[in-house]
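Colleague: Here my numbering is used: the first residue of the sequence shown is 12, the next is one more, and so on.
Sharing a structure below in structure tokens format, with a few things to ask.
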Amino acid sequence: MNPRTMSLGLFLVLAACSSEQEPSLAKQPQSVAPTVNEEGAGYQHALARSRFDAGAGVRREAGGSYERVVGGRGVFFVDTVTRATMVVPTFGAPGLPKGTLGVEYPRPLTENPAEHSAVVKAYFLEAGVPVAQVSGTHVTTTMAGSGPVSGGVSPAQSKLLWYTTHLERSVGGIPVEGSFAYAALDNARRVISEGVYWPDIPVDVVRGAQALQRRLASPNDRAEFLARVGAGEAGVREAAGEVKIVHTSAGYHGGFEVKAVYSVAVRGPNGGKFRILRFDDTGAAVTMSEERATTTDSLK
12 MNPRTMSLGL
22 FLVLAACSSE
32 QEPSLAKQPQ
42 SVAPTVNEEG
52 AGYQHALARS
62 RFDAGAGVRR
72 EAGGSYERVV
82 GGRGVFFVDT
92 VTRATMVVPT
102 FGAPGLPKGT
112 LGVEYPRPLT
122 ENPAEHSAVV
132 KAYFLEAGVP
142 VAQVSGTHVT
152 TTMAGSGPVS
162 GGVSPAQSKL
172 LWYTTHLERS
182 VGGIPVEGSF
192 AYAALDNARR
202 VISEGVYWPD
212 IPVDVVRGAQ
222 ALQRRLASPN
232 DRAEFLARVG
242 AGEAGVREAA
252 GEVKIVHTSA
262 GYHGGFEVKA
272 VYSVAVRGPN
282 GGKFRILRFD
292 DTGAAVTMSE
302 ERATTTDSLK
């Protein structure tokens, strides 16, 4: 997602919140209390563990299912239902160096993406993200540039604004889809932007995913399973799928849901865009509660 689009969308949500002087910022009970052991234990981020410096003029606001701390450098946003957090920066804060296109941007931590990832990973592990669940990292890059409308952005006039390092999660050797912990740090190792949603994964879901993974390691069992799920979905048997743990998203307030699935990406029936299909251990199609089923696909 484009960082500017994400920021705009978040501020539109926050703008609907009413202002209070001192909200509780207290942890609310989750809608589901699954049996979890240390292996699948989640992590809930908080302002006290974040390297975000809100800057001058800090105030606390709350409204509906959202709470936030607002300052001259940005917003620390909390979803009180899912406990997801997000930092959205405000540019033009006093004291930051003059940047591209007249906008005052912070200086990036480094121009070496591997160094940035190492620092961000250490930051989140120190904050409390379980080390055994971090299976890898990947980096996205935010750039700024200028150029004529007809010619597009000129690489010579582009500059690195910052890197964002994303942690990848797995539990019991199974990749987890939907969890995230990402951060971009400036040259003072303060947070420019970040987001964290790392919920508990129940023991029975982890064990079910591991059992399905072992089952699909057998060529005969895998062929039988794919024949069953591929009977109603073209392309499933030919595509390279994998066993995953999937859960509802950070912004979903309809009740937490988490499942062990076989996940595979296939093209639509008309050769259109790829779709993610999920199946349980019986071969039945899985649709998460927040997803809307669709029976149509475009030609492109």
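Just so you know, even glycine gets a beta-carbon here, dropped at the ideal spot from N, CA and C.
Can you give me the C-alpha to C-alpha distance between Asp232 and Thr293, rounded to a whole angstrom?
Modeller: 12 Å
Colleague: Between the region 188 to 203 and the region 57 to 69, do three or more beta carbon pairs fall short of 8 Å?
Modeller: yes
Colleague: Keeping to the same chain, check which residues put their C-beta closer than 6 Å to that of Arg180; ignore five residues upstream and five downstream.
Modeller: Gln144, Val187 and Ser190
Colleague: Using only the heavy atoms of the ligand ZN, determine whether one of them is closer than 7 Å to the beta carbon of Val217.
Modeller: In the structure shown, the ligand ZN is absent, as is every other ligand, since no ligand is present at all.
Colleague: Among Val207, Val269, Ile212 and Val89, which has the Cα closest to the Cα of Gly75?
Modeller: Val89
Colleague: Quick check: what's the CA-CA separation for Val257 versus Val269?
Modeller: 6 Å
Colleague: Might you give, ordered along the chain, the residues of its own chain that have their beta carbon closer than 8 Å to the beta carbon of Leu136, omitting 5 neighbours on each side?
Modeller: Val142 and Val145
Colleague: In the DSSP assignment, the beta strand (DSSP E) including Ala59 goes from what residue to what residue?
Modeller: Unbroken run through Ala59: none, as it is neither H nor E.
Colleague: Go to Glu126, then tell me how far its beta strand (DSSP E) extends in each direction, as first and last residue.
Modeller: Careful: Glu126 lies outside any beta strand (DSSP E), inside the alpha helix (DSSP H) at Pro124 to Ala138.
Colleague: Assign Glu78 to buried or exposed, taking buried as 16 or more other Cβ atoms, counted over all protein chains shown, within 10 Å of its Cβ.
Modeller: Buried, by the Cβ-count rule.
Colleague: Verify whether the separation of the beta carbon atoms of Ala95 and Tyr208 is less than 8 Å.
Modeller: In contact: Ala95 and Tyr208 (Cβ atoms closer than 8 Å).
Colleague: Have a look at Tyr54 and Val92 and give me their C-alpha separation to the nearest angstrom.
Modeller: If I take the Cα positions, the gap works out to 15 Å.
Colleague: To which residues of the same chain is Gly262 closer than 8 Å at the C-beta, ignoring the five residues directly before and after it?
Modeller: Asp90, Thr93 and Ala95
Colleague: Within 10 angstroms of its Cβ, does Glu72 collect 16 or more other Cβ (buried), or is it exposed?
Modeller: buried
Colleague: So for Arg239, helix, strand or coil by DSSP?
Modeller: helix
Colleague: By DSSP, does Asp197 sit in helix, in strand, or in coil?
Modeller: strand
Colleague: Which residues in the same chain have their Cβ closer than 8 Å to the Cβ of Lys132, if we skip the five residues on either side of it in sequence?
Modeller: Val145, Thr148, Thr176 and Leu178
Colleague: On the DSSP bridge assignment, give the partners of Leu288 in chain order.
Modeller: DSSP lists Val275 as the beta-bridge partner residues of Leu288.
Colleague: Going by other Cβ atoms of all chains shown within 10 Å of its Cβ, with 16 needed for buried, is Ala220 buried or exposed?
Modeller: buried
Colleague: So, for Gly82: in the same chain, excluding its five sequence neighbours on each side, which residues have a beta-carbon less than 7 Å away from its beta-carbon?
Modeller: Ala65, Gly66, Ala67, Gly68 and Val69
Colleague: Cα separation between Arg118 and Val98?
Modeller: 17 Å
Colleague: Helix, strand or coil: which one does DSSP assign to Gly51?
Modeller: helix
Colleague: In angstroms with no decimal places, state the Cα-to-Cα distance between Ala195 and Val150.
Modeller: 10 Å
Colleague: Which of helix, strand or coil does DSSP assign to Val214?
Modeller: helix
Colleague: Quick one: Cα of Tyr273 to Cα of Phe236, how far?
Modeller: 10 Å
Colleague: Is the distance from the Cβ of Thr46 to the Cβ of Val214 below 8 Å?
Modeller: yes
Colleague: Give every residue of the same chain whose Cβ lies closer than 7 Å to the Cβ of Leu120, excluding the five residues on either side of it in the sequence, and list them in chain order.
Modeller: His127, Val130, Leu196, Asp197, Asn198 and Arg200
Colleague: Around the C-beta of Lys284, are 16 or more other C-beta atoms found within 10 angstroms, so that it is buried, or is it exposed?
Modeller: exposed
Colleague: Reducing DSSP to helix, strand and coil, say where Val142 ends up.
Modeller: helix
Colleague: From the DSSP output, read off the bridge partner residues of Met97.
Modeller: Phe88 and Gly206
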